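Counting from 1, one number per residue, gives the positions in the sequence shown under UniProt numbering. Here the structure is laid out as structure tokens; the discussion comes afterwards.
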Amino acid sequence: MLADALRTGTYHAAISENGADFAGKAVLDVGAGSGVLSLFAARAGARVVYAVEASPAAQYARRLVQAQPGLAGIVHVIQGRVEDVELPEKVDVLISEPMGTLLVNERMIESYLAARDKHMKPGGKMFPSLGRIHVAGFSDPYLHAEVMARSAFWKATDFFGLDLSCLEAEATAGYFGQVVVDAIPSGALVSNTAQRTIDFATAAPEDLRELAIPLSLQVAAPGPVHGLACWFDVLFEGSQAPRWLSTAPGLPTTHWFQLRCLLQEPVQVAKAGDTLTGRLHLLAHSRQSYDVTLELSSGASPVSVGRYDLKEPYYRQLNQWIPVANGAEATYEQMAAEAGQGPST
């Protein structure tokens with residue numbers, strides 16, 4: 001994630017350009033990871049930064065902090081859950097990178113809000129201060145055909161003498177039950193957007209355990225709608241220079257990419273201007289993610305329903321072609337392998 005230049009650069013700008021919000025202040029970094037955001041806050045003039053990280057990565061954050069001249073005495077790395085740790089004081093500012101795909105995946109935002117309630121002074125600043133989920137209808141027959149092709153293996157009636165076709169329906173449903181994470185071509189979007197805003201200053205952790213986004217979307221052209229495209233943005237509402245971090249299609253890509261809920265049965269739209277109606281429903285589960293249900297229809301067309309586990313995505317971007325040096329192209333998987341980070345064989 002540190003190598004995500006848009007993500008890290010936006011955090012750096014949001015902190016460094018709002019020095020008045022950090023100078024002389026006590027700061028809590030929720031889920032500090034490597035400690036880089038804590039160091040940004042210290043360099044912006046914070047009096048003290050409590051870098052709280054539950055995982056063993058805390059040991060690496062300590063090493064990184066100790067290696068920075070003049071900052072080691074400001075940043076204090078604490079290993080533990082932010083809900084459990086006790087700090088010597090209430091803080092003026094919370095910083096965190098709690099976003100997952102579809103904003104709320106991994107359920108880290110709930111910990112961010114719990115830290116606000118337990119550790120932040122009334123009227124304190126939060127970086128980021130709010131998040132928005134955006135959704136729109138999309139049409140992509142190539143993606144639909146690709147996922148159908150993945151299930152074709154289960155049509156086999158002579159697999160080493162075995163008939164697999166009895167499992168074809170379940171296998172197909174399983175493939176369509178994976179949300180697709182990739183970079184969405186902006187031309188694939190066929191409707192306006194709906195959104196759900198979460199104000200981190202006022203939302204309660206329990207508010208995020210069930211979310212629903214009602215859908216009433218105007219479609220620009222007739223034809224099949226293959227599902228719902230989703231992305232998010234967050235606002236850093238600094239007192240000097242507010243900043244947005246967006247993962248929208250058509251903008252520079254982040255490590256979150258975008259997400260699509262692909263329907264096995266596309267919705268047929270009769271004419272331009274027709275309305276897609278339905279609901280996107282998210283219900284939290286114990287594996288730090290959500291069960292997602294999409295219901296979508298248009299006019300007299302039957303309701304198409306998709307059910308997904310947000311924790312089990314199809315990371316399609318690993319096989320997408322992207323430009324590299326000298327006009328060549330490579331997939332993310334190939335680039336990772338060349339860097340020595342690819343899957344072992």
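Even glycine gets a Cβ: it sits at the ideal position worked out from N, Cα and C. These figures come from a predicted structure and were not determined experimentally.
| Check | Outcome |
| --- | --- |
| Strand pairing of F138, partner residues [DSSP] | L189 and G227 |
| Of the residues M126, V180 and S297, the one placed nearest V147, counting alpha carbons only | V180 |
| Cutoff 7 Å; reference Y175; Cβ partners in own chain excluding five residues on either side | V147, R150 and S151 |
| Cross-strand partners of M120 (DSSP beta bridge) | V91 |
| In DSSP terms, what D4 is bridged to | Paired residues: none, contrary to the question. |
| CB contact flag (I133, L94, <7 Å) | no |
| Inter-residue Cα distance where the pair is L189 and S129 | 28 Å |
| From G35, A173, H119 and A169, residue whose alpha carbon lies closest to that of E83 | H119 |
| When G131, W154 and S297 are compared against T197, the one with the closest alpha-carbon | G131 |
| Assumed close pair P266, H76 - CB separation to whole angstroms, cut-off 8 Å | No, P266 and H76 are not in contact; Cβ-Cβ is about 54 Å, not under 8 Å. |
| Classification of Y50 by the beta-carbon crowding that lies within 10 angstroms, buried from 16 upward | buried |
| As assigned by DSSP and simplified to three states, the class of F153 | helix |
| Cut-off 7 Å between Cβ atoms - residues of its own chain near M108, not counting five sequence neighbours on either side | G31, P98 and G100 |
| Secondary structure, beta strand (DSSP E): runs of 3+ residues fully inside the UniProt domain "Methyltransferase" (27 to 124) | 48 to 53, 75 to 79 and 91 to 96 |
| Straight-line Cα distance separating W256 from P69 | 32 Å |
| Cβ contact (3+ pairs, closer than 8 Å) linking the segment 34 to 45 and the segment 4 to 19 | yes |
| Neighbourhood of A248 by C-beta distance below 8 Å, restricted to the same chain and skipping five residues each side | H134, W231, D233 and Q258 |
| Three-way DSSP call (helix, strand, coil) for S298 in this model | strand |
| Rounded separation between S298 and D4 - CA only | 38 Å |
| Range covered by the alpha helix (DSSP H) that runs through E237 | Taken as a continuous stretch (DSSP letters only), E237 belongs to no alpha helix (DSSP H), as it is neither H nor E. |
| Buried/exposed call for L280, threshold 16 Cβ in 10 Å | buried |
| With 16 other Cβ atoms within 10 Å as the buried cut-off, status of E110 | buried |
| Span of the beta strand (DSSP E), counted from its first residue to its last, around E265 | Q258 to V269 |
| Collapsed DSSP secondary structure at G19 in the structure displayed | helix |
| D274 to K25 span [Cα, whole Å] | 53 Å |
| Near the ligand ADP: Q68 beta-carbon under 6 Å from a heavy atom | The ligand ADP is absent from the structure shown, which contains no ligands of any kind. |
| Environment of Q195 [buried if 16+ CB atoms lie within 10 Å] | exposed |
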